[in-house]
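If you're matching positions, the sequence shown starts at 9 in the working numbering and goes up one per residue.
In this text, a Cβ means the ideal position worked out from N, Cα and C, and glycines have one as well.
The structure presented is a predicted model; accordingly, all values stated were derived computationally and were not measured.
Below is one structure, written out as C-alpha cells; the observations come after it.
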Amino acid sequence: MNKPVIVISVIVILILLGVGAAWFLMRTPPSADRSSFFGNLPFIGGGPTPPPPAATPPAPTPTEIERRLIQVVDKDILAPALSADGNSLLYVLRENGHVMRSGLDGSNEQIATNLTVLETFDGLWSPLKTKLAIAYHESGAVKRFLLETATATPSKFLPQDLTALAWSPDGKEIAYLIPQGNQTNLVIADQNGKNGKVVFSTPIPDFTLQWISKSTMLLVSRPSGLAPSIVMRFDIKTKKSDLVLAGRRGVVVTAAPDASGFVFSQSNSRDGRAEPLALHSFKDGNVSLIRYTTIAEKCAFSADGKKLYCGVPKGTLPAPMPDEWYKGAVSFSDAIVEIDAATSQTKTLLENEADVDLISPFVSPDGKYLFFQNKKDGTLWRLMLKE
C-alpha cells in the first residue's frame, strides 16, 4: 500500500471514531454519570457527585419562641403588680409617680394615671387594684395618701406618723400601725382610709404588718441581725394575739397565700451572720430548714402555696444580715431557685443568665411567670416557669 492510501485510511478511521463517540454521547440519558470513570477513582472524586448540602434553617426569633428570661421594664419603678384580671402589669415610675400599665412582656405601655408625685419611694396596691397607697418625701417629711386609680385623684391622706400598712385580702379594709405615747396602736379603717378603729395596742414600737387571711394578721419586728426578733399573730375576731416566733435574730417573713404558715430568714446570735431559710407551719408549729441561705423578702409563693421561688445570693452574705443589705452597703448577684413547700426539695432555675439582686417577687396566678425587680437599678424582669 502506498503512502497516500495509508494517510487517507488513517483520516477515515479517525473520522469514524469521532462520529461514533459523538453518537454515543448523544444517546446517553441525561441522568447518566458522564464522569463515572474518573469519579470512581478515590483520589479524584470517590463516587457520584453528592447533592449540595441543605441550607441551615434560620434561628427562631423571639416572636416565634418566647424567651425564658426578659427585662420587662427598663426604667426604675415601684410597686410592680398584676392587674386584677391578671392580663397586664401595673407599676409606678419612681421619677414622677405616674402609674403605668403594660402587657405581661412590657409591650403597649400606657399611662394609667398621670398625677405627678415627686420623690415617691413606696407603693402598696389594694388587692382589687382600684386603690394605691403611695408614700413620698416632701420637705423632709414622709407623707402617704390613697390614690383612686379610676379618677387619678388622692382620696385620703393617711396619718403622717404611721409606721406600717397592709390591705385586707379582699381589699375592703386597710390596717396601719401608729404610735401613741408609749404604745403602738393597730388601726383598721375602711378601704377609703376612713372610720378607723383601734383594735390592738402593744408596747413594742417597731412592727411591720402583714394581713394574711380574713381574720389573721402577722406583726413582725423590724429585722436586725444584732437584735432579737418577734413574730406575733393577731386574731381580728377575738382581738387576741399570740407569740409565734421568738429567740431568733434578723427574722424576715413571707407568708404563704393560704395562711398555713410562712417562710423566714434569720441570723445567728454570735455576729448576725445569715443562716438557712426555714418554713414555719401554724398547724403544728413545726420548723423545717431549707438548704439555701438568703433573705425571705427575696421569696414568693405560687398561688396555690405549693412552690416557693427565691433569689439566692451567690457567695457568702456579710454580717450582720439583713442590715447590710437593707442599708445598701452590699449588693448581690442572685441565682433563682424553686422549692417544694411540702418536701423542701429544690431546683435551680436560673444561675448566670443575668446579674440581678432580686426584690419584689410575685408569681402569676397560673404559675407561668415569676416577676421580680432588680434592686441594682429598679428594672422589672420576667422568668418563664413553664410553657
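When the five nearest sequence neighbours on each side are left out, the beta carbons in the same chain lying within less than 7 Å of the beta carbon of Lys394 are those of Gly375 and Lys376, in order along the chain.
By the 16-neighbour rule on beta-carbons within 10 angstroms, Arg75 is exposed. Under a 10 Å Cβ-count criterion, Ser229 is classified as buried, with 16 or more other Cβ atoms of the shown protein chains found around its own Cβ.
Between Ala282 and Val295, the C-beta gap is not smaller than 8 Å, which leaves the two residues out of contact. Within the stretch 158–240, the complete beta strand (DSSP E) segments at least 3 residues long are 161–165, 172–175, 181–188, 191–198, 205–210, 215–221 and 224–229, listed from N- to C-terminus. In this structure, Thr301 and Pro326 do not form a Cβ contact; the two beta carbons are roughly 12 Å apart against a cut-off of 8 Å.
In this structure, the straight-line span from the alpha carbon of Met392 to that of Ser96 is close to 16 Å. If you draw a straight line from the Cα of Val81 to the Cα of Gln381, it is about 9 Å long.
Straight-line spacing of the CA atoms in Ser275 and Ala160 works out to 43 Å.
Lys384 carries a coil assignment under DSSP once its states are collapsed to helix, strand and coil. Separation of Gly204 and Leu154 (C-alpha to C-alpha, rounded to the nearest whole angstrom) is 14 Å. Counted as a single uninterrupted DSSP element, the beta strand (DSSP E) harbouring Tyr317 occupies residues Lys315 to Pro321. Per DSSP, the unbroken beta strand (DSSP E) holding Tyr99 starts and ends at Leu97 to Leu101. For Tyr377, the secondary structure class from DSSP, reduced to helix, strand or coil, is strand. Taking all protein chains in view, the Cβ of Thr157 is crowded by 16 or more other Cβ atoms within 10 Å, so the residue is classified as buried. Note that the C-beta distance between Ile119 and His106 is below 8 Å.
For Tyr300, the three-state secondary structure derived from DSSP is coil. The three-state reading of DSSP puts Glu346 in strand, counting E and B together.
When DSSP states are grouped into helix, strand and coil, Lys139 belongs to the strand group.
Comparing alpha carbon positions, the residue from Leu140, Leu77 and Asp113 closest to Val100 is Leu140.
Each residue's CA atom was taken as its position, placing Leu194 and Gln188 some 10 Å apart. Contact annotation: Val261 and Leu226 have beta-carbon atoms nearer than 8 Å. Here DSSP, grouped into helix, strand and coil, assigns Glu127 to coil. Contact between Arg257 and Ser237 holds, with the beta-carbon distance rounding to 6 Å and staying under 8 Å. Taking the Cα positions, Pro265 is about 9 Å away from Ala308. Distance from the CA atom of Lys83 to the CA atom of Lys247, rounded to whole angstroms, is 43 Å.
Between Ala350 and Lys314, the beta carbon gap of about 7 Å places them in contact (Cβ cut-off 8 Å). For Lys248, the three-state secondary structure derived from DSSP is strand. Under a 10 Å Cβ-count criterion, Asp342 is classified as buried, with 16 or more other Cβ atoms of the shown protein chains found around its own Cβ. The C-beta separation of Leu234 from Pro328 comes to about 5 Å, placing the pair in contact by the 8 Å criterion.
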